[in-house]
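Here is the structure we will look at, set down as structure tokens.
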Amino acid sequence: MRITIYADSDDKNYFKNFYYLERNRKIDRLKYIDIKSAKLTIKRFRNFKKHSLRELFNSYLAPIKIFFSFDISVINLKNRNLFLPALFAKLNKKIVYYNCGEEVNFNNSLSNFFSKTVSITHNRKGLEEFRKNNYKAFNIPICVDTSIFKPEQKTSDSKIRIIYTGKLEEENGIKELSEVVSRFGAEKVNLFVVGNGSLLDEIKSWQKDSFVTYLGDIPNAEKLANIYTKSHIFVTNSNKLDLDHLDVSILGAMSCELPIVCKDLEEHKEIVDDEKEGIIFKDKEDLYEILKKLIDDEKLRVELGRAGREKVKQKFSLEASSEKLYHIFKIEVSKIPFR
79 MRITIYADSD DKNYFKNFYY LERNRKIDRL KYIDIKSAKL TIKRFRNFKK
129 HSLRELFNSY LAPIKIFFSF DISVINLKNR NLFLPALFAK LNKKIVYYNC
179 GEEVNFNNSL SNFFSKTVSI THNRKGLEEF RKNNYKAFNI PICVDTSIFK
229 PEQKTSDSKI RIIYTGKLEE ENGIKELSEV VSRFGAEKVN LFVVGNGSLL
279 DEIKSWQKDS FVTYLGDIPN AEKLANIYTK SHIFVTNSNK LDLDHLDVSI
329 LGAMSCELPI VCKDLEEHKE IVDDEKEGII FKDKEDLYEI LKKLIDDEKL
379 RVELGRAGRE KVKQKFSLEA SSEKLYHIFK IEVSKIPFR
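Now the structure itself:
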């Protein structure tokens, strides 16, 4: 099985399942073409400096190479560019549309494209949208590498460390979370904050109150896992799920055996079962009571954390997710003929 990925994202982390299958020799050859770099260099000449000549060469030639390729073509688009889907729809190729959680525009101009593809999406809501439009689609959960995100012995410290990772925006509820945590006192609780956004300067100013520690924006998985292992409770107070980031943050925390405290959103319930791997709250006062319960009950924190890691290993690990992806390619994608 030979696969070429055409993506307008330079973050290969979205495609770690494919690289896992290649390492385990279930994909014979895997090529990745970043089609975004050509678009950026056309828009702004200075962007040439950000990409190697080889990347630019492959990006510019991608539409031409498609004509001569007999690989399975995996296409991922974040900017709603219609050129490649229109091109693929005209060609007799094996096409897989790989959706990483971004919104899909199901307009008439794309109907011919989606009718010829197998679509794979990372969330159930996206799956429902594809199937509602009568397109063949399957769900692959976002996953984490449990060999990186793994529990370690906590340091002996009287303070409970609560961690928040995500965008530092109003709708993510970081202000409300800090207000709740402040009620416990700096001598008892420390709030770790990881991320970036419009509230960054304000959050940095909170550090003078001593209960908040801003740790920066940490895209590196190993560094983030190290912070998780030093924490006791993971909290998200977001009113809107950031599918590109938050799912991975929650799963990474679960894999490190942190109990999850999250808002009552359907997307959260796809990952966390209430009272099993974490606790779901409804409002600000409910959040306070739940945190108080977990701060005072080490045994409960441990039970929820262990259950969370076990769930990740069974359903959201790199191994489990990649096997599901492989099954879809072997059973469903193989049925697509080269017409």
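Each residue of the sequence shown is one higher than the one before, starting from 79 at the first, in the working numbering. All C-beta atoms in this analysis are idealised placements derived from N, C-alpha and C, irrespective of residue type, glycine included. Remember, predicted model here, so these are calculated numbers, not experimental data.
Exercise for review: Just list the beta strand (DSSP E) runs in the stretch 296–372, keeping only unbroken ones of 3 residues or longer that don't cross its boundaries, in chain order.
Suggested key: 311–314, 338–341, 356–359
Check your understanding: If we count Cβ pairs, one from each stretch, closer than 8 Å, do we get three or more for the stretch 255–274 versus the stretch 285–292?
Key -> yes
Review point. For residue 294, is the classification buried or exposed, using 16 other Cβ atoms within 10 angstroms of its Cβ as the cut-off for buried?
Key: Around the CB of residue 294, fewer than 16 other CB atoms lie within 10 Å, so the residue is classed as exposed.
**Study point:** CB of residue 272 within 8 Å of CB of residue 240, strictly
**Key:** no
Review point. Residue 123 to residue 111, Cα distance in whole Å?
Key: Note that residue 123 scores 45 on pLDDT, short of 50, meaning its location in the model is unreliable; the coordinates nonetheless yield the value given after this. In a straight line, the C-alpha of residue 123 is about 20 Å away from that of residue 111.
**Study point:** Start-to-end residues for the alpha helix (DSSP H) that takes in residue 385
**Key:** 376–389
Review point. Under a Cβ-count criterion, where at least 16 other Cβ atoms within 10 Å of its own Cβ denotes burial, should residue 126 be classed as buried or exposed?
Key: Only weak support is given to the placement of residue 126: the predicted model assigns it a pLDDT of 47, under 50, and the value that follows is read from those uncertain coordinates. Classification for residue 126: exposed.
**Study point:** 8 Å contact criterion, which residue 412 and residue 95 should meet: CB distance rounded
**Key:** Contact doesn't hold; Cβ gap of about 17 Å is too wide.
Check your understanding: Going by DSSP, which residues form a beta bridge with residue 270?
Key -> 241, 291
Practice item. Could you check the C-alpha separation between residue 322 and residue 178 for me, to the nearest Å? Key: Unreliable positioning characterises residue 322 in this predicted model, as indicated by a pLDDT of 49, which lies under 50. The coordinate reading is nonetheless provided below. If you take the alpha carbons of residue 322 and residue 178, they lie about 7 Å apart.
Check your understanding: residue 34 to residue 334, Cα distance in whole Å?
Key -> This structure leaves residue 34 out entirely; the chain is present only between 79 and 417.
Point to revise | Rounded C-alpha distance that separates residue 201 from residue 220 | key: 8 Å
**Study point:** Validate contact between the stretch 227–237 and the stretch 194–212 using beta carbons, cut 8 Å, 3 pairs
**Key:** no
Point to revise | Collapsed DSSP secondary structure at residue 152 in the structure displayed | key: Three-state result, residue 152: strand.
Practice item. Run the CB neighbour count on residue 86, radius 10 Å, all protein chains shown included, and call it buried at 16 or more, exposed below. Key: Under this definition residue 86 is a buried residue.
Exercise for review: Using a threshold of 8 Å, state whether the C-beta atoms of residue 33 and residue 173 are closer than that.
Suggested key: Given a span of 79 to 417 for the chain in the structure shown, any question on residue 33 remains unanswerable.
Review point. Which residue comes first and which comes last in the beta strand (DSSP E) that contains residue 85?
Key: 80–85
Check your understanding: Going straight from the alpha carbon of residue 103 to that of residue 92, what length do you get?
Key -> Computed Cα separation, rounded: 19 Å.
Practice item. Could you tell me the distance, in whole angstroms, from the CA atom of residue 351 to the CA atom of residue 297? Key: Computed Cα separation, rounded: 27 Å.
Practice item. Have a look at 284, 276, 249, 246 and flag the residue whose alpha-carbon is nearest the alpha-carbon of residue 264. Key: 284
**Study point:** Beta-carbon gap between residue 252 and residue 277 smaller than 8 Å
**Key:** yes
Check your understanding: Closest to residue 300 by CA distance: which of 225, 113, 196 is it?
Key -> 225
Point to revise | CA-to-CA distance, residue 270 to residue 98, given in whole angstroms | key: Computed Cα separation, rounded: 32 Å.
Point to revise | Three-state secondary structure (DSSP) of residue 124 | key: Residue placement at residue 124 is poorly supported in this model, since its pLDDT is 47, which falls under 50; the coordinates are not used for a value here.
Practice item. Return yes when the Cβ of residue 242 is within less than 8 Å of the Cβ of residue 195, no when it is not. Key: no
**Study point:** Buried versus exposed call for residue 317 [16 or more other C-beta atoms within 10 Å across all chains shown]
**Key:** exposed
Point to revise | residue 249 and residue 275 closer than 8 Å at C-beta | key: Result no, Cβ atoms of residue 249 and residue 275 do not sit closer than 8 Å.
**Study point:** Spatial distance of residue 171 from residue 191 (CA atoms)
**Key:** 11 Å
Check your understanding: residue 382 CB to nearest chain C CB: under 8 Å?
Key -> The structure shown contains no chain C; it is built from a single protein chain.
Practice item. Return helix, strand or coil for residue 221, following the three-state DSSP convention. Key: coil
Check your understanding: How would you write the range of the alpha helix (DSSP H) that residue 196 sits in, first residue to last?
Key -> Residue 196 -> not in any alpha helix (DSSP H); beta strand (DSSP E) instead, spanning 196–199.
Exercise for review: Below 8 Å on the Cβ atoms is my guess for residue 310 versus residue 384; work out the distance and round it to an integer in Å.
Suggested key: So it is not a contact: roughly 14 Å between Cβ atoms.
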